[in-house]
Amino acid sequence: MSTGTSERKPCVFCGSTSMKITKQHIAPKQLRNVFEGVISDSGTTSIRTGTNPPIEFSSAPFDDKVGGFCEACNSTWMQAIEARAVSILTPMMTRGFPKLLTVADQAELSTWAVLFALVLDHQVPQNRVVPDAEYGDFYANRTPLINHLVWIGKTDPRSNNLVISTRKGRVRRVDAQIDPVFVSLLQEAMTNRQWIYVFTFSVGFAVFQVMGHNVDANFRVNVGEDHLRIMSPIWPIQDDIDWPAMDSVLTVGGLDGLHEMFTGVAPP
Numbered sequence: 235m236s237t238g239t240s241e242r243k244p245c246v247f248c249g250s251t252s253m254k255i256t257k258q259h260i261a262p263k264q265l266r267n268v269f270e271g272v273i274s275d276s277g278t279t280s281i282r283t284g285t286n287p288p289i290e291f292s293s294a295p296f297d298d299k300v301g302g303f304c305e306a307c308n309s310t311w312m313q314a315i316e317a318r319a320v321s322i323l324t325p326m327m328t329r330g331f332p333k334l335l336t337v338a339d340q341a342e343l344s345t346w347a348v349l350f351a352l353v354l355d356h357q358v359p360q361n362r363v364v365p366d367a368e369y370g371d372f373y374a375n376r377t378p379l380i381n382h383l384v385w386i387g388k389t390d391p392r393s394n395n396l397v398i399s400t401r402k403g404r405v406r407r408v409d410a411q412i413d414p415v416f417v418s419l420l421q422e423a424m425t426n427r428q429w430i431y432v433f434t435f436s437v438g439f440a441v442f443q444v445m446g447h448n449v450d451a452n453f454r455v456n457v458g459e460d461h462l463r464i465m466s467p468i469w470p471i472q473d474d475i476d477w478p479a480m481d482s483v484l485t486v487g488g489l490d491g492l493h494e495m496f497t498g499v500a501p502p
């Protein structure tokens, strides 16, 4: 039987079959050291996909890995994006210290947040929500794409001992509290078998939300005042901002409440 490189699975980012496929840490492994003594690294990880209830399990959160990425991507540009983000995030996510996020900071953090979401989407392959084409586009640009929106907020991990908590799903909520233009686009997209997805995740005190889509329209969502009281937009970048926003994510029910602003409450 042939053992040539043609039998290797292609890297989900660069598409290469010439390099060994490796596993990527969902959260940068550099975080283990910066969280030492702050929150136990043997705490709890919480994962929720779609409308399923969250699954919580004891783990070493910074050891969780996902496969599909070639050795070259994993050890070069992906690692560089993580390192730059960790250097900015460390006092924020480990201690909750306020910080002025410059335009340059926001570029680094939004890039990492999108990378985190793209990696996380492969944790449960049968429930993926990101279109395949986005991986090649992100690889080529190394920056969030025109179809991405990214926000940052704050929580308090000491309230539930969750070092890392993640949520993902397709946007399906269409009630009157959402921008009517967005509702119209969403309904049309579903008719055309297109979709909008959202990832909501926290690492320590820092909370990120990434929204993307494969809709043919170039749209921007008016998320409303309730969302902007807790989450500050960092992509598209506008100007320097102060972190955190006015209110904590805990005021809307934590990560679940924040995520459900777009995906709706799971059916009974």
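Per this note's numbering, residue 235 is the first one in the sequence shown, and the count goes up by one each step. Ideal placement from N, C-alpha and C gives every residue a C-beta, glycine not left out.
Judged by DSSP in its simplified three-state form, H356 adopts coil rather than helix or strand. Rounded to the nearest angstrom, the Cβ distance from Q357 to V300 is 5 Å, consistent with a contact under 8 Å. The beta carbons of A317 and Q264 sit closer together than 8 Å. V364 and G446 have their alpha carbons spaced roughly 8 Å apart.
Partner residues in the beta bridge of P467, as assigned by DSSP, are W385. Across the set S466, A319, V449, F435, the C-alpha of F435 shows the shortest separation from the C-alpha of E494.
E342 counts as buried, since at least 16 other C-beta atoms from the protein chains shown sit within 10 angstroms of its C-beta. The beta carbon of T377 sits closer than 6 Å to those of T345, all from its chain and outside the five residues before and after it, given in chain order. By a beta-carbon distance limit of 8 Å, V444 contacts A351. Their separation comes to about 4 Å.
Beta-bridge partners of H259 (DSSP): K299. Going by DSSP, L335 is part of the beta strand (DSSP E) stretching over 333-335. Taking a 10 Å sphere around the C-beta of D473, we find fewer than 16 other C-beta atoms and assign the residue as exposed. Under the three-state reduction of DSSP output, C245 falls in the coil class, being neither helix nor strand. Residue pairing for M445: DSSP places it in a beta bridge opposite L383, V432. A buried status is given to M312, since no fewer than 16 other beta-carbon atoms sit within 10 Å of its beta-carbon.
Here DSSP, grouped into helix, strand and coil, assigns D476 to strand.
Counting of Cβ neighbours within 10 angstroms places S252 among the exposed residues, the total staying below 16. Taking C-alpha positions only, T328 is separated from D355 by approximately 25 Å. In this structure, the beta-carbon distance from V441 to I386 falls below 8 Å. Setting aside the 5 residues that flank it on each side, D298 is surrounded in the same chain by I260, each with a C-beta closer than 6 Å to its C-beta; the list follows chain order. Note: A440 is bridge-paired with K388, V437 in the DSSP secondary-structure output.
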